[in-house]
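Worksheet for the structure shown next.
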Amino acid sequence: MIINNGDNIPRFSIAMISATALAYEILLARLFAIIQWHHFAYMIISLALLGYGVSGTFLSLFSSHLRKQYAAAFIINIGLFGVALLACFLSAQRIAFNAEEILWDWRQLIGLAGMYLLLMLPFFFAANAIGLSMMVMGGKISRIYAADMIGAGIGSALAIALLFYFMPNQVLQVLAALALASTVIAWLELGLPWRKSLIALGSAALLPLLIPSQWLELSLSPYKGLQQLLRIDGTRISKTLSNPLALVHVVESNTVPLRHAPGLSLHATTEPPPQLAVFSDGDNMTVINKATTRREQLDYFDQQTSAAPYHLADADTVAILGAGTGNDVLQALYHEVPEIHAVELNPQIAGLLTGEFAEYSGNIYLKPQVRVHIAEARGYIARSQRQYDVIQIALLDAFGASAAGLYALSESYLYTVEAFEEYIKHLSPDGVLSITRWVKLPPRDNLKMFATALQALKQLKVENPEKHLMLIRSWQTATLLVKKSELTNLDIEKIKIFCNQLGFDTAYYPGIDAAHANRFNILREPVFFTATTALAGPAGAAFLQQYKFNITPATDDRPYFFNFFKWELLGELIDLKDQGGIPLVEWGYIVLIATLIQAVIASTILILLPLAANRNNRIARDKITAVSLLYFFSLGLAFLFIEIAFMQKFILFLHHPLYAIAVTLAAFLLFAGMGSYYSKRLQSRIGYLASVRLAVSCIAVLGLLYSISLGALFTLFLASPITIKIILTLLLIAPLAFFMGMPFPLALGAVSENRPALVPWVWGVNGCASVISAILAMILAMHFGFTLVIISALLLYLAAMWLFARLPLPKAISH
Amino acid sequence: MLKPITHCLIISLLVYSAPLFAEDKYTSARLALVKEINADVQETSLYLDKEALDPRVMDALAKVPRHEFVPLLQKPYAYQNRPLPIGHGQTISQPYIVAIMTDLLKPKPGHRVLEIGTGSGYQAAILAEVVSEVYTIEIIGAIGAQAEEHFKRLHYRNIQSRIGDGYYGWKDAAPFDGIVVTAAASHVPPPLIEQLKPGGRMVIPVGSPFLVQHLVVVEKHADGKVTSQQILPVRFVPLTGGH
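Here the protein sequences line up with chains A and B, keeping their order.
Its first residue numbered 287, the first sequence is counted upward by one per residue in our numbering.
Its first residue numbered 27, the second sequence is counted upward by one per residue in our numbering.
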């Protein structure tokens, strides 16, 4: 029997478990985005994290047995974590689950529940190991929590680093090996005798690395674009690349050439040249066009709605935001633009056209008139000192995912009012911003884009903003044109000629009448015309309110452009289930609400279960229990509210989403870990209550200060190099996170002295609250903005401070 | 002595007549589905600009055994008004959408129709009931072979099918009175517009395999002018009105 009295804190193994668990959480988000879609990834992972809550319940119910066997239980749970981490994902991806069938077929819910349960297991075992340590080593909770947080901080950076060097499924192997290696560290840290078992554990840690790669192959949904294309005889993957941004596949076909030309005019007579398909995460197909010497093969670039800006003015300088595999660049080259700035976030995608497929593409990214910038689009424009004749935002997302509202949960700083202001400011005096999106019925994106442009022009104090806008549409795509100067009659005439020739409709231009809005691609009602003219008119605000979809412009504080959901509409669409209503449901938001409901129900059960099991016990009826519940629940909510909200603020500052997530998440967790470590010392000097009061006061002051001043500070450092920005980010996060790391271990320490039986239970409460917090933060941000999320967090911290005073504190040191 | 023989006879009768009972069950389910679609269309009439669909289309829906075009495991659901998976990442469309798409083609008995994306073969079978010639092309070998098998078994002699790239249509059989493009298309291939007769109509569902968002009807007018209509097959007021 392995016996340990809990004197040695296994801090390194705890840090390793935390690091691995957090890296696993980030990895799961990538893996599910690849095999399913982003929004279901979100739901599955959120609920899997309830494994932390389950652990609290489990530890509460079996605390007496586990205490006696601490060392064995600790090591076994780590081992099970390592095994489950790999086995549960591999099993979960084999469950036949099709998100699109849920409303038709209730059996899909069984598959979904199966995924939750499987993926909950690794987090359950990891949380058991940490929670158990807190339970056994009550007096050293601040150090354990510090190791937990610091480990998690390292894990967040580790996940992103690993994803740069390995394929996502290989990262799974590495994490499993790391988790199993933690058993060896734990063995040594707990001072257990040197035995053969140690060698066995060490050897076991190597096993995940020896698993054949075919066992670990990702099983993508058969309805994803990549899988659909690969079913065609003669198609094959010619290259696979991966980084934390995306898993990229290049697909070629020997028999059936690809021909991707969204929005091509029905009047077009020539077909596009042969192409290679490029998929990101198995979907969102773009193409690399094969170089051709026959210019007429590229004529199709002038037969799409996205060609409109080139008919408005002679463009000398063009910026393509989201250049991808160069289609819009080729369109600009076709229109003989002498200076093209191609901005692409993913270096691997741009690298395809400067490396292996450069020749195939006709070296378009190597042409003297093309300059490729690897950067986030908004950040590139914000830093740019130039003015552009055309700023083109490319159409990169797939219609299917976009139409089903699957991007509703993705924050996008590309389509906010502030972003549009930035674009317009960077246009030359007669420059044009051009944005092409899919046509959806009833219209959503195109109208929201129109409303956003209108709002941006108003905020820039442009007179008659409605005279700067044009919207044209084909049966498939619509292009919004925003001109910096007022559109002239000549401009309008040029676009009308372009549209007439190609059979596109003008949905809006200053002075348009209904007769010109619905001639070639006929809708039962000219909805694009009526909506845009209403938006541009005096009753625009009322129209926004009354429209059945949410087309209120997104802002940097509420960066959810793709959320079109309105509650009023849901019932109507469900009633129309059999009459084509289901496809119009905006899924993203519903998934978010469904996730919240499931999390709340599961959390309630998990929290109440140990109390119900001990209902004869004093603890279940104790007022202290209720106060502890509220305290730890408030803390769980507040910590993640602040972390999530500030992460969004820093994304906008650092621009690059990877830097932002890696830096802010790691910084929050590391500094919170340090705060936790220091909290014990602080408490021994000034007592529990004063320590919590000090920590919460500092959080409140810093939180408020940041809410008010971050915007101005970010503007000041906008053009600074990324290293300076990262240092500033670390300096800003450090004090806030440091104090945020204190209230939890302080209270847990106090509880452990007075009500040790409550320790595992409040550990579970905190786990449940963290899951609910992440979901609730997003819902609040969608409706009210991230600033409100921060304010809510500060209020929750203040409430926690008030509650803390109502907890029984160890008398000798409470004052 | 007679008892075992009687039992055997009864059991044999039950076993051999089971398909007949099942067939009866399918027929009544199919008729119920047609009734349901009729009611749905009536409710959506304002948006489809008609009170009812072409009776010939509805008759075809009542006649074509949808359960023969779905995999065994999906047969119990064959007459539910919803899309079903048929394997290989493909689906059989929602009958309500199939009915509307067929009706939008304005099919006449002497018509020749091309289908790009055979899939299960169900849409082609419905077309075969209302026009004289159906040509259908499937790009995925396994799916195309399965559909051909269905056509043979169900004796659809007016359906010509082949496996291949639908981008260039079916030149030898062109021009067509109607074209249905059920395969995902990033654009309408120019050769298909060429192969459409003046006055002909092309129908394209837009959306994902399970969720058809709206329908596009491309019309080639007598003067060669090409226009499109976008149709939302839903009883839904898109702007600011009520239900």
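We treat Cβ as the ideally placed atom computed from N, Cα and C, and that holds for glycine.
Here the structure is a predicted model, which means the values were calculated and not measured.
Buried or exposed by the 16-neighbour rule on C-beta atoms within 10 Å, applied to residue i
| i | result |
| --- | --- |
| A:Tyr-509 | buried |
| A:Ile-471 | buried |
| A:Thr-579 | exposed |
| A:Phe-1003 | exposed |
| B:Met-27 | Because B:Met-27 carries a pLDDT of 44, less than 50, the predicted location of this residue cannot be relied on, and the following value inherits that uncertainty. It counts as exposed. |
| B:His-22 | A query on residue 22 of chain B cannot be resolved here, the shown segment of chain B reaching from 27 to 269 and no further. |
| B:His-181 | exposed |
| A:Thr-572 | buried |
| A:His-712 | buried |
| A:Tyr-451 | exposed |
| B:Thr-208 | buried |
| A:Ala-754 | Note that residue 754 of chain A is His in the sequence shown, not Ala. It is buried - the Cβ of A:His-754 has at least 16 other Cβ atoms within 10 Å. |
| A:Ala-827 | exposed |
| A:Asp-614 | buried |
| B:Ser-254 | buried |
| A:Ile-602 | The identity of residue 602 of chain A in the sequence shown is Asp, whereas the question assumes Ile. Classification of A:Asp-602: exposed, given that the 10 Å Cβ count is below 16. |
| B:Lys-251 | exposed |
Listed by chain order, chain A residues near residue i by CB distance under 9 angstroms
| i | result |
| --- | --- |
| B:Gln-256 | Val-725, Leu-727, Trp-761, Asn-807, Ile-808, Leu-809, Arg-810 |
Heavy atom of the ligand NAP within 8 angstroms of residue i beta-carbon
| i | result |
| --- | --- |
| A:Ile-300 | Absence of the ligand NAP from the depicted structure is noted, as is the absence of any ligand whatsoever, leaving it without description. |
C-beta atoms of residue i and residue j nearer than 9 angstroms
| i | j | result |
| --- | --- | --- |
| B:His-213 | A:Leu-727 | no |
| A:Asn-575 | A:Gly-648 | yes |
| A:Leu-502 | A:Asn-455 | yes |
| A:Ala-433 | A:Ser-350 | no |
| A:Ala-948 | A:Ala-443 | yes |
| A:Gln-322 | A:Ala-413 | no |
| B:Asp-80 | B:Pro-133 | yes |
| A:Ile-783 | A:Gly-797 | no |
| A:Ser-551 | A:Gln-589 | yes |
| B:Leu-222 | B:Phe-202 | yes |
DSSP bridge partner residues for residue i (one or two, in chain order)
| i | result |
| --- | --- |
| A:His-802 | Paired residues: none, contrary to the question. |
| B:Thr-162 | B:Glu-141, B:Ser-187 |
| A:Glu-625 | A:Thr-603 |
| A:Ala-809 | First, the residue type needs correcting, since residue 809 of chain A is Leu and not Ala in the sequence shown. Partner(s): B:Gln-256. |
| B:Val-207 | B:Ile-142 |
| B:Phe-202 | B:Leu-222 |
| A:Lys-769 | A:Val-718 |
| A:Ala-764 | A:Arg-723, A:Arg-759 |
| A:Gly-1027 | The partner list for A:Gly-1027 (beta bridge, DSSP) is empty, contrary to what the question assumes. |
| A:Lys-747 | Per DSSP, none; premise fails for A:Lys-747. |
| A:Asp-675 | Answer by DSSP bridge pairing: none, since A:Asp-675 is not bridged. |
| B:Leu-110 | B:Ile-118 |
| B:Lys-246 | B:Val-252 |
| B:Met-127 | The partner list for B:Met-127 (beta bridge, DSSP) is empty, contrary to what the question assumes. |
Interface residues of chain A facing residue i [CB-CB closer than 8 angstroms]
| i | result |
| --- | --- |
| B:Pro-215 | Arg-545, Glu-557 |
Per-residue contacts from residue i into chain A (C-beta, under 7 angstroms)
| i | result |
| --- | --- |
| B:His-170 | According to the sequence shown, residue 170 of chain B is Gly rather than His. Those do not exist, as B:Gly-170 stays about 10 angstroms from chain A at its closest Cβ, beyond 7 angstroms. |
| B:Ile-219 | Leu-552 |
| B:Gln-149 | Ordered by position in chain A, no residue passes the 7 angstroms Cβ test against B:Gln-149, which lies about 16 angstroms from the chain. |
| B:Arg-108 | Trp-390 |
Per-residue contacts from residue i into chain B (C-beta, under 7 angstroms)
| i | result |
| --- | --- |
| A:Ala-827 | Chain B residues near A:Ala-827: none, gap ~13 angstroms exceeds 7 angstroms. |
| A:Arg-517 | His-114, Gly-115, Ile-166 |
| A:Ala-554 | Pro-216 |
| A:Glu-387 | Phe-236 |
Neighbouring residues, chain B, relative to residue i (Cβ below 8 angstroms)
| i | result |
| --- | --- |
| A:Tyr-596 | None at all; the shortest Cβ gap to chain B is about 19 angstroms. |
| A:Pro-845 | None at all; the shortest Cβ gap to chain B is about 25 angstroms. |
Cutoff 9 angstroms: residue i Cβ touching any chain E Cβ
| i | result |
| --- | --- |
| B:Pro-201 | Among the protein chains in the structure shown, which are A and B, there is no chain E. |
Neighbour list for residue i in chain B, Cβ cutoff strictly below 9 angstroms
| i | result |
| --- | --- |
| A:Val-542 | Ile-165, Gly-190, Asp-191, Tyr-193 |
Q) Which ranges would you report for the beta strand (DSSP E) in the stretch 543-612 of chain A if only whole runs of at least 3 residues count? A) Runs found: 561-566, 569-575, 603-607.
Q | In chain order, each alpha helix (DSSP H) run of at least 4 residues that lies wholly inside the stretch 510-546 of chain A | A | With a minimum length of 4 residues, the continuous alpha helix (DSSP H) runs that stay inside the stretch 510-546 of chain A are 511-516.
**Q.** Contiguous alpha helix (DSSP H) assignments of at least 4 residues, all confined to the stretch 58-95 of chain B
**A.** As far as the stretch 58-95 of chain B is concerned, its whole alpha helix (DSSP H) runs of at least 4 residues are 71-74, 81-89.
**Q.** Runs of alpha helix (DSSP H) lying entirely within the stretch 885-954 of chain A, each at least 4 residues, in chain order
**A.** 904-907, 909-940, all fully within the stretch 885-954 of chain A.
**Q.** Sequence ranges, alpha helix (DSSP H) only - wholly within the stretch 400-456 of chain A, length at least 4
**A.** Complete alpha helix (DSSP H) runs here, min 4: 427-451.
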